[in-house]
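Number of protein chains: 2
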Amino acid sequence: MHGLIGKMLAAAGKRDEVIAILLESTAKMPGCLSYVIAIDPKEADAIWITEVWDSKESHAASLTLPEVKAAIAKARPMIAGFGDYHTTEPVGGVGISQG
Amino acid sequence: MHGLIGKMLAAAGKRDEVIAILLESTAKMPGCLSYVIAIDPKEADAIWITEVWDSKESHAASLTLPEVKAAIAKARPMIAGFGDYHTTEPVGGVGISQG
Chain A
1 MHGLIGKMLA
11 AAGKRDEVIA
21 ILLESTAKMP
31 GCLSYVIAID
41 PKEADAIWIT
51 EVWDSKESHA
61 ASLTLPEVKA
71 AIAKARPMIA
81 GFGDYHTTEP
91 VGGVGISQG
Chain B
1 MHGLIGKMLA
11 AAGKRDEVIA
21 ILLESTAKMP
31 GCLSYVIAID
41 PKEADAIWIT
51 EVWDSKESHA
61 ASLTLPEVKA
71 AIAKARPMIA
81 GFGDYHTTEP
91 VGGVGISQG
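Protein sequence lines, in the order shown, are assigned to chains A and B.
Per the numbering used here, the first sequence starts with residue 1, numbered consecutively.
Per the numbering used here, the second sequence starts with residue 1, numbered consecutively.
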């Protein structure tokens, strides 16, 4: 499996708009076993995203899906930057749904 | 919802033993909606743990479960320390199972 842990920073006041776009555009991505979107109680503009994919290839392919490309284009002006970014190799646990 | 993103550092050579204990002891925790255990391709002793709970209280309660307490006692000598640790508030996504 392939995993990602990342922090996105929304432009001031735009966090919830970015989250709405993320929630809608990521609901049905082939090979995506987990995709959790969270806010940070200590940082108003931060969005934590933790992902589990069946493979690196599925993650790469997701970025070419029309709905994901459209979401990236829509959200981009509201994204100020990125913080932490870690690639992982999930080995198991709870909530890894077989997509 | 209540979330945690953390990095645990196993003692040298003990990562997989710690992971085996984690996988077994965390499979059935009330209120746990996601608990993903991952290795870090860049850091041999690191274990990333990303969690989603229905509430802070459920997470706190999990630490008092007999099987979790036993697992902590068993794993403790094999844990060298902790790295990143972030509390989050998950808002939705894929793989959040209603426990």
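Backbone N, C-alpha and C fix where the C-beta goes; we use that ideal spot for every residue, glycine too.
These figures come from a predicted structure and were not determined experimentally.
For this session: Mind listing the chain B neighbours of A/A71? Cutoff is C-beta to C-beta under 8 angstroms, in chain order.
Result: Neighbours of A/A71 on chain B: none; closest Cβ ~14 angstroms, over 8 angstroms.
Problem set entry | Rounded separation between B/Y35 and B/H86 - CA only | 14 angstroms
For this session: For B/K7, count neighbouring Cβ atoms within 10 angstroms of its own Cβ and tell me buried if that reaches 16, exposed if not.
Result: buried
Exercise. Are the C-beta of B/E89 and some C-beta of chain A separated by less than 8 angstroms?
Worked result: yes
For this session: To the nearest angstrom, report how far apart A/G99 and A/V68 are at their CA atoms.
Result: Its pLDDT being 47, under 50, A/G99 is placed unreliably by the model, and nothing is read from it.
For this session: Report yes or no: is there a C-beta of chain A within less than 8 angstroms of the C-beta of B/W53?
Result: no
For this session: Enumerate in chain order the residues of its own chain whose CB-to-CB distance from A/D84 is below 6 angstroms, with the five nearest sequence positions on each side excluded.
Result: K7
Exercise. Residues in its own chain within less than 8 angstroms of A/V91 by CB, not counting five upstream and five downstream?
Worked result: M1
Problem set entry | Close Cβ partners of B/R15 (< 8 angstroms) along its chain, the five nearest in sequence each way excluded | I39, A44, D45, A46, I47
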